[in-house]
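Notes to accompany the following structure.
Residue numbers (the working numbering): 4 to 135.
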C-alpha cells in the first residue's frame, strides 16, 4: 500500500459521509404537510405568485396550455399530477422542477411563497383535496 492510499480512502469516506448527510437533510427538510395555514390570505398570495411564475405554462386557471413547449399538468385534476398529490410532492416539484418539462423555482420563490402556491393549487382543485 502506498502512502497516498490511506489519505485517498479517508477522502472518499469523508465525501461519502457528507453526501449521505446532505441527502438526509434535504429529504427531511420538507414537511409532509404544508406549514402555511390554508387561509384566504395565503391562497391570494399563492395566486399572485402563480400568475407571475406559472401562468405561462399552466394558464391562469391552472388547467395547462397545450401550446406550451411541453404540455403542462392540469393542476385542477390531481389524478393527472405526476409526482403525487401530497403537500410535500407539490412543494418539491415547484422548488426542484420536473425534469425537462418544468424548471425549478428555488431561486425565484422563497419556501413560504412556494407553500402559498401549494395552497392556491389546492384552491383550484376539487374541494375534497383541500385542507380542512
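Every residue, glycine too, gets a C-beta built ideally from N, C-alpha and C.
Taking C-alpha positions only, residue 53 is separated from residue 32 by approximately 23 angstroms.
Look at the beta carbons and you see the region 84 to 94 not touching the region 56 to 70: under three pairs across the two are nearer than 8 angstroms.
Collapsing the DSSP output to three states places residue 101 in a strand.
A check of alpha carbon separations from residue 124 across 100, 84, 105, 103 identifies 84 as the nearest.
Distance from the CA atom of residue 102 to the CA atom of residue 86, rounded to whole angstroms, is 11 angstroms.
Secondary structure at residue 89: coil, using DSSP grouped into helix, strand and coil. Shown here for residue 77: same chain residues with a beta carbon closer than 6 angstroms to its own, the five before and five after excluded, namely 66, 67, 83 in chain order. Within the same chain, Cβ atoms closer than 8 angstroms to the Cβ of residue 111 are found at 56, the five residues on either side in sequence being excluded. In the DSSP annotation of this structure, the continuous segment of the alpha helix (DSSP H) that includes residue 43 starts and ends at 43 to 56.
Counting other Cβ atoms within 10 Å of its Cβ, residue 115 stays below 16 and is therefore classed as exposed. Contact between residue 107 and residue 98 holds, with the beta-carbon distance rounding to 6 angstroms and staying under 8 angstroms.
Looking at the backbone, the Cα of residue 88 and that of residue 36 are separated by about 11 angstroms.
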